[in-house]
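Novice:
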Ligand SMILES: [Zn+2]
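In this note's numbering, the protein residues as written are 19 to 234.
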């Protein structure tokens with residue numbers, strides 16, 4: 019999954035969010051705006067800049083808005099503990115193109131692998147608004163994102179389980195002590211390791227990277 023990075027000039031410094039308790043989904047209520055257009059519109063509202071953390075275009079391109087750790091401006095009352103994701107289009111009228119659906123689901127799965135169990139909500143679940151519109155495929159997106167995350171965790175779990183069965187080697191010893199120090203696995207002293215919690219995508223990638231480095 020690729021996220022286009024944008025350079026924004028903020029009207030005022032962004033604040034770091036203290037907690038993340040949900041992801042809130044929005045529509046832009048319009049077609050054709052770039053991430054920079056939304057940034058300018060939100061600055062015209064007197065805000066620091068683009069209020070969303072991610073913007074998913076109809077083409078399937080995903081753009082970063084605010085840094086994920088920053089407090090957003092997208093859902094009154096919930097900006098302090100949520101990540102805001104906006105989809106291009108007006109889903110009061112439109113149906114979502116497959117490319118946008120796939121990109122949105124991949125982005126949400128990516129967020130969920132880093133923040134397991136985070137609820138996905140619509141803007142209208144937390145505020146008086148029609149956003150993201152009656153034709154927004156909320157349930158389907160949620161299902162797809164959660165399934166992708168589960169498949170990913172299963173795969174990571176199987177790989178981690180296999181760690182305990184492999185003969186020790188330089189690369190696995192290093193990965194094991196790292197995973198143990200990170201609180202991911204627990205050894206019983208006899209060379210068997212147990213899986214303590216689901217891996218994040220970064221952790222899995224770091225381990226896979228080390229494994230491949232070890233082989234090369
Ligand atoms: Zn909204």
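In this text, a Cβ means the ideal position worked out from N, Cα and C, and glycines have one as well.
(1) Between the Cα of residue 113 and those of 159, 102, 70, spot the shortest distance and give me the residue it belongs to.
(2) CA-CA distance, residue 218 and residue 227?
(3) Following the continuous alpha helix (DSSP H) through residue 81, name the residue where it begins and the one where it ends.
(4) Decide if the segment 130-144 is in contact with the segment 68-79; the criterion is three or more beta carbon pairs, one per stretch, under 8 Å apart.
(5) What do you reckon, are the CB atoms on residue 151 and residue 118 nearer than 7 Å?
(6) Looking at the secondary structure, which residues open and close the beta strand (DSSP E) in which residue 148 lies?
(7) Check whether the Cβ of residue 133 lies closer than 6 Å to any heavy atom of ligand 1, and answer yes or no.
(8) Using a Cβ-based criterion (distance less than 6 Å to any ligand heavy atom), does residue 44 qualify as near ligand 1?
(9) With C-beta atoms as the reference, is residue 125 less than 7 Å away from residue 88?
(10) Can we say the segment 201-208 touches the segment 162-174, given the rule of at least three CB pairs closer than 8 Å?
(11) Closer than 6 Å by C-beta to residue 121: which residues in its own chain qualify, once you throw out the five before and the five after it? Chain order, please.
(12) Leaving out five residues on either side along the sequence, give the residues of the same chain with a beta carbon under 8 Å from the beta carbon of residue 28.
(13) Provide the residue span of the beta strand (DSSP E) that contains residue 105, from first to last.
(14) Just to confirm the assignment, what range does the alpha helix (DSSP H) spanning residue 59 have?
Specialist: The relevant details are as follows:
(1) 159
(2) 14 Å
(3) It is not in any alpha helix (DSSP H) - residue 81 instead sits in the beta strand (DSSP E) that spans 80-82.
(4) No, the segment 130-144 is not in contact with the segment 68-79.
(5) no
(6) Careful: residue 148 lies outside any beta strand (DSSP E) and carries neither H nor E.
(7) Checking the Cβ of residue 133 against ligand 1 gives no.
(8) At least one heavy atom of ligand 1 sits closer than 6 Å to the Cβ of residue 44.
(9) no
(10) no
(11) Cβ within range, chain order: 74, 78, 80.
(12) 66, 67
(13) 100-105
(14) 53-62
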